[in-house]
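S.K.: Dropping a structure here in structure tokens format, bear with me for questions.
Chains as they are written, first to last, in my numbering: chain F, 113 to 292; chain V, 766 to 1469; chain E, 951 to 1280.
As structure tokens, this is what we get:
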């Protein structure tokens, strides 16, 4: 008997559970946009080459276009619709708004989700390709503009708003530091 | 305490739709839900020239969820014999499925419609189309100029003044150089998407475009509909850059929605965008400059060759870039096209000026080197009093002010002009500059401004905010004209029912729309009696700027800029990194400094990207773009873009009610030349072919 | 994309059993390459066996001072691991040079080794390609091959292996462990990829239905002074046009031990053993480094438009070894 090509599953998105039947071909991106009407996550290339569909999966940034919905069951998904807390914008969202870290806005949810994760990854001491010495003895690299640019490079912005995006990420990092 | 209500224009305001954009609430074209929505998937030709012999639709119709397959045998007939809003006939590509001819690879040959996008995709990929293949010709090169024809586009093809041969012969210094730029693709982040449906006897299309009046008019023409029965909405647009007009996806969606009598959405894949969404033609340009020993030009010749499709004429008017820039007794410029079996190119951010300025401003730098004159001084020496070819007066020309301010801020005075002498570790360092200019135009638009009973104001203007900040700028313009705080003004855009207005294109949008908004708002303000009650339906005043815009005296109206770049080049690997850029612009009154700076910097990022990264390569054998995706076609990523500053000098346009010129395109102009000139300064090697790839730098060498 | 079945595996033998050697089935790791290939139609599996939940997500020290890396360890976790960064810094650098933060969070070590070439003809199902459709031809040889192989290719295929991670693994003598229905097996990475020859569609020595379970790195003190340098057509988020993983130990001005591997120049991560032979015992100077590069690149067979890679790799060898020599003697 050929295997079933669809599954009943429960997706956990922004703390809510959603039960649905999905065609196995459905990506997490399409499930969010077409099935759950959460269209904040954007489809820019649908092949992992632009970052517009970035969401957090178990707290880690991922491109939702290359994740099958069926394979996302059991994982906690956070989308742009779920990053604000208690009616207040996430500091990264606020910084993008204040510093005009976008133009057309289509890459923006992905940039913001990615930036939120960048701050976490940096706080965890992860090096990047911009880090001069990756050895643990060298200590965590300071989050310079160069580090931010390298870490954010998986999010293309065709409007070319990179300069203000980097400023926004830096401001959010400062806010996070001040709060810590 | 008094509330400051004047002066919204000129002060920084965050975007009025900003909250929606940072929370994901802003819905783009493919994100509006519809009951009973069906999904269409375009099938594109796999041959570059020939005929469709047969479409094996039967097998596909049996597949799960498939509703219909449209192709040239069964598609509704459309009428493409018309002149649209922009004064040009449509690219026949939008006359979908009307015949069996295939004029380029990626020509739409069918649309598969199914209940889900997964089903539509699989069926579209399964659909077998049989072709009679014919030999194709896609080989663009400078050597094909003899087959080309001069073509007037949005600028005249050929403009000649003075005796070129004589002036060149008497010049002490002659620069004669050839430059090339490759095929470049807009690649807005949001793919083209449209949903069409019939609702109450009207055709409704939710789309992503640069002008809903424009697209609605084209669809009405194509489908022979009463224009009043077509409504196109496009509230949020994820970038356009010239590519988002009427395209195959809207036409396909309308055809399917009409046949199926249910809403149909068609979204282009990123790969399909490389065949269906237009692009910037490659260019092969030759510039000849003749000058006195001190760099004063006697002769300027700029010839440009670009390509077009076999079915439609479009010219990249690169040679026009210098017509208003530099004075020379002999001034010859000509843009020509050669027809190939390729998709039709289209407008892409600063069409003509972007590639044209790369060639011309690189050649100016070469002339400066040859004459031993500072590149900025060279440009000052060639400032014209009036239009160099037209003889018309300038509206306002503040190029010199841009260079002076830019040179001061960039630290140009300390620059050692010698190339190839600065090293920092493995990097050679250099700086470069170039001039920028872009035409200033205004187009007729209509607007309606309503005083609401609650004391707020509603502006209806069919503008498109494709990321430009137009929605916010128009809010500020209206607030000032109404003499109220900006938070009492609500602006509605992106709906063809709002009435005709200019598209977001040609850097004319904000100027054209602001004119209409200000006209209506001022009239409304004058008509309101202070203290009088506003009726529940409000008081509305409408404007139409056709007459006022048409009455503008003929002048050379342009925005200007001075571009500066510093680069680092590793001659052992060929890597080029831009370390900083500065652009100082004279671009009219700046309505919203926050968004304007962002947009000008964005243009400069495009110039950087054009200089170093962007290139689509057409495969000779297949006739299609090799690596047609965002991994194969590189646009600048975060790590490529350093801190870039854009600023401006005071330059209100004297003939515009608000003083606006337009800033959408001038930022890219000259930016690639500034980078290329900096690479020369770093290495001593001229790069006349874009992009300046590592392999080109590596093989060209440098003073390592 | 055709319809397919989906099964999630929770242990290694279960995964192998679920796949059951079915040539139409694929193991699904991070999906960053496979799902993309399914969208473009290059891969059309009937069944996916999801191996992300397998207990293979740890990086552990081996008793002899090496590392054992589970197949489902993500690129991110590998690059962030303190022992990887301490003992094999070039491996961490190589991983960090690849893809993007998002993709590194998804992609796995096992999948990285099995990722397919990014040749544009391979990715376009309307194009001939001997790797995708054996015998259909290779358009790259006469067509676009600006970023294709200069080493070890054949007239049948000039595609490159796109991995960055694999280049560092090759330099450090990694051994690939796998599981089949008949039990476990292992193979050195040096022998893992098949020569291109006339069969570019056959890429590895893995038996049908085998699941990669991990990679073992033997102890390599030389790797403590190591570096990965990648050259690409934009500064980040792009595949290499040439890359190098190198480790160097210098004693009394002479090369005591060296590891050298190239990326983006061949159908597999290219261990530069000819260069290593020239280097070992020779003076650690630019002249030797250049001679070593020339020895390796003497076998290069560039096509009309990728000859720059020979120059690029030669320059990279000299530049990176010179940097390491300086670091090693500091």
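Note that beta-carbon positions come from the ideal geometry of N, C-alpha and C, so glycine has one too.
Fair warning: this is a prediction, and the values are worked out from it, not measured in the lab.
Determine the contact status of residue 833/V and residue 968/V, defining contact as a CB-CB distance below 8 Å.
M.R.: Numbered from its first residue, the second chain carries residue 833/V at position 68. Numbered from its first residue, the second chain carries residue 968/V at position 203. Not closer than 8 Å, so no.
S.K.: So what's residue 1477/V in DSSP terms, helix, strand or just coil?
M.R.: Nothing in the structure corresponds to residue 1477/V, since chain V is present only between 766 and 1469.
S.K.: Counting only C-beta atoms, is residue 953/E closer than 8 Å to chain F at any point?
M.R.: Counting from 1 along the third chain, the entry for residue 953/E is found at position 3. At least one chain F Cβ lies under 8 Å of residue 953/E.
S.K.: Can you list, in chain order, the residues of its chain with a C-beta nearer than 8 Å to that of residue 884/V? Leave out the 5 residues immediately preceding and following it.
M.R.: Numbered from its first residue, the second chain carries residue 884/V at position 119. For residue 884/V, where only same-chain residues beyond five positions count, the Cβ hits under 8 Å are 804, 828, 829, 830, 831.
S.K.: Establish whether the CB of residue 733/V and some CB of chain E are separated by less than 8 Å.
M.R.: Here chain V comprises residues numbered 766 to 1469, so residue 733/V is not present and cannot be evaluated.
S.K.: Could you name each continuous alpha helix (DSSP H) segment of 4 residues or more that falls completely within the segment 1205-1268 of chain V, going from the start of the chain to the end?
M.R.: 1235-1247
S.K.: Is the CB of residue 279/F under 8 Å away from at least one CB in chain E?
M.R.: Here residue 279/F is taken as the residue at index 167 of the first chain, counted from 1. Taking Cβ atoms only, chain E never reaches closer than 8 Å to residue 279/F, which makes this a no.
S.K.: Between the C-alpha atoms of residue 162/F and residue 1393/V, what's the straight-line distance to the nearest angstrom?
M.R.: Translated into the one-based positions of the first chain, residue 162/F becomes position 50. Translated into the one-based positions of the second chain, residue 1393/V becomes position 628. Rounded to the nearest angstrom, the two C-alpha atoms are 14 Å apart.
S.K.: Apart from the five residues just before and just after residue 889/V, which ones in its own chain have a Cβ nearer than 6 Å to its Cβ?
M.R.: Translated into the one-based positions of the second chain, residue 889/V becomes position 124. Once the five neighbours on either side are set aside, the close Cβ partners of residue 889/V are 806, 808, 877.
S.K.: Any contact of the segment 1355-1372 of chain V with the segment 272-288 of chain F, i.e. 3+ C-beta pairs under 8 Å?
M.R.: A contact exists between the segment 1355-1372 of chain V and the segment 272-288 of chain F.
S.K.: Contact defined as beta carbons within less than 8 Å: I believe residue 1251/E pairs with residue 1090/E. What is the distance between those atoms, to the nearest angstrom?
M.R.: Within the third chain, numbered from 1, the residue matching residue 1251/E stands at position 301. Within the third chain, numbered from 1, the residue matching residue 1090/E stands at position 140. About 14 Å; that fails the 8 Å criterion.
S.K.: At least one CB of chain V closer than 8 Å to the CB of residue 1163/E: is that the case?
M.R.: Residue mapping note: residue 1163/E aligns to position 213 of the third chain, counting from 1. Answer no: the Cβ-Cβ gap between residue 1163/E and chain V never drops below 8 Å.
S.K.: Here's a check: name, in chain order, each residue in its chain whose Cβ is nearer than 7 Å to the Cβ of residue 886/V, leaving out the five neighbours to either side.
M.R.: For the purposes of this step, residue 886/V is taken as residue 121 along the second chain, with counting starting at 1. Closer than 7 Å at the Cβ level, and outside the excluded window around residue 886/V, lie 806.
S.K.: Under a Cβ-count criterion, where at least 16 other Cβ atoms within 10 Å of its own Cβ denotes burial, should residue 977/V be classed as buried or exposed?
M.R.: One-based indexing of the second chain puts residue 977/V at position 212. Within a 10 Å sphere around the beta-carbon of residue 977/V sit 16 or more other beta-carbons, which makes this residue buried.
S.K.: Quick one: complete alpha helix (DSSP H) runs, 4+ long, within the segment 1266-1338 of chain V?
M.R.: 1274-1292, 1311-1315
S.K.: Comparing the C-beta of residue 941/E with each C-beta of chain F, is any distance below 8 Å?
M.R.: No answer is possible for residue 941/E: the residues shown for chain E start at 951 and end at 1280.
S.K.: Residue 1357/V by DSSP, collapsed to three states: which one?
M.R.: Indexing the second chain from 1 puts residue 1357/V at position 592. The answer is coil: DSSP assigns residue 1357/V none of H, G, I, E or B.
S.K.: Quick check: is the beta carbon of residue 214/F nearer than 8 Å to any beta carbon in chain V?
M.R.: Reading the first chain from its first residue, position 102 is the one you call residue 214/F. By this cut-off, residue 214/F is an interface position.
S.K.: With the cut-off set at 8 Å, would you say residue 1106/V and residue 902/V are in Cβ contact?
M.R.: Numbered from 1 along the second chain, position 341 holds the residue referred to as residue 1106/V. Numbered from 1 along the second chain, position 137 holds the residue referred to as residue 902/V. Yes, these two residues count as a Cβ contact at 8 Å.
S.K.: If we cut at 8 Å on Cβ distances, does residue 1186/E have a partner in chain V?
M.R.: Walking along the third chain from the start, residue 1186/E turns up at place 236. At least one chain V Cβ lies under 8 Å of residue 1186/E.
S.K.: Does the segment 1416-1428 of chain V come into contact with the segment 1141-1161 of chain E, if we say contact requires no fewer than three beta-carbon pairs (one atom in each stretch) closer than 8 Å?
M.R.: The segment 1416-1428 of chain V is not in contact with the segment 1141-1161 of chain E.
S.K.: Looking at the strands, I want to know which residues DSSP matches up with residue 1128/E.
M.R.: For this step, residue 1128/E is matched to residue 178 along the third chain. For residue 1128/E, which the question treats as bridged, DSSP gives the partners 1135/E, 1162/E.
S.K.: Would you kindly check if the distance between the Cβ of residue 1042/E and the Cβ of residue 1029/E is under 8 Å?
M.R.: Here residue 1029/E refers to the residue found at position 79 when the third chain is read from its first residue. Here residue 1042/E refers to the residue found at position 92 when the third chain is read from its first residue. Yes, Cβ-Cβ distance for residue 1029/E and residue 1042/E is below 8 Å.
S.K.: How about residue 234/F: is its C-beta nearer than 8 Å to some C-beta of chain E?
M.R.: Looking up residue 234/F in the first chain gives position 122. No, because no Cβ of chain E sits closer than 8 Å to the Cβ of residue 234/F.
S.K.: Is the beta carbon of residue 938/V sitting closer than 8 Å to the one on residue 860/V?
M.R.: For this step, residue 938/V is matched to residue 173 along the second chain. For this step, residue 860/V is matched to residue 95 along the second chain. Not in contact: residue 938/V and residue 860/V (Cβ atoms no closer than 8 Å).
S.K.: What is the rounded straight-line gap between the Cα of residue 1128/E and the Cα of residue 1010/E?
M.R.: Translated into positions along the third chain, residue 1128/E becomes position 178. Translated into positions along the third chain, residue 1010/E becomes position 60. One alpha carbon belongs to residue 1128/E, the other to residue 1010/E, and they sit about 17 Å apart.
S.K.: Please list, in chain order, the chain E residues whose beta carbon lies closer than 9 Å to that of residue 230/F.
M.R.: Here residue 230/F refers to the residue found at position 118 of the first chain. Those within 9 Å of residue 230/F in chain E are 1051.
S.K.: CB-CB under 6 Å to residue 1243/V, same chain, minus the five flanking residues each way: which ones, in chain order?
M.R.: Residue mapping note: residue 1243/V aligns to position 478 of the second chain, counting from 1. Hits under 6 Å: 1224, 1254, 1282, 1286.
S.K.: Taking C-beta to C-beta, are residue 841/V and residue 1020/V nearer than 8 Å?
M.R.: Position 76 of the second chain, counting from 1, holds the residue named residue 841/V. Position 255 of the second chain, counting from 1, holds the residue named residue 1020/V. The answer is yes: Cβ separation under 8 Å.
S.K.: Give me the Cα-Cα distance between residue 1057/E and residue 963/E, rounded to the nearest whole angstrom.
M.R.: If you number the third chain from 1, residue 1057/E lands on position 107. If you number the third chain from 1, residue 963/E lands on position 13. One C-alpha to the other measures close to 22 Å.
S.K.: When you compare only the Cα positions, how much space is there between residue 895/V and residue 821/V?
M.R.: Residue 895/V sits at position 130 when you count from the first residue of the second chain. Residue 821/V sits at position 56 when you count from the first residue of the second chain. C-alpha separation (whole angstroms): 8 Å.
S.K.: Could you tell me which residues DSSP puts in a beta bridge with residue 873/V?
M.R.: The sequence position of residue 873/V within the second chain is 108, counting from 1. Residue 873/V pairs with 809/V.
S.K.: Is it true that the segment 912-925 of chain V meets the segment 1077-1097 of chain V, where meeting means three or more beta-carbon pairs spaced less than 8 Å apart?
M.R.: yes
S.K.: Among 1280/V, 1334/V, 1326/V, which residue has its Cα nearest to the Cα of residue 1317/V?
M.R.: Residue 1317/V sits at position 552 when you count from the first residue of the second chain. Checked all of 1280/V, 1334/V, 1326/V; the closest Cα to residue 1317/V is 1280/V.
S.K.: Please list, in chain order, all residues of the same chain as residue 1201/V whose beta carbon is under 6 Å from its beta carbon, the five residues on each side excluded.
M.R.: For the purposes of this step, residue 1201/V is identified with residue 436 of the second chain, where counting begins at 1. 1326, 1328, 1431, 1434, 1435.
S.K.: Within a Cβ cutoff of 6 Å, which residues of the same chain sit near residue 1215/V, ignoring the five residues on either side of it in sequence?
M.R.: Numbered from 1 along the second chain, position 450 holds the residue referred to as residue 1215/V. The residues are 1223, 1303, 1305.
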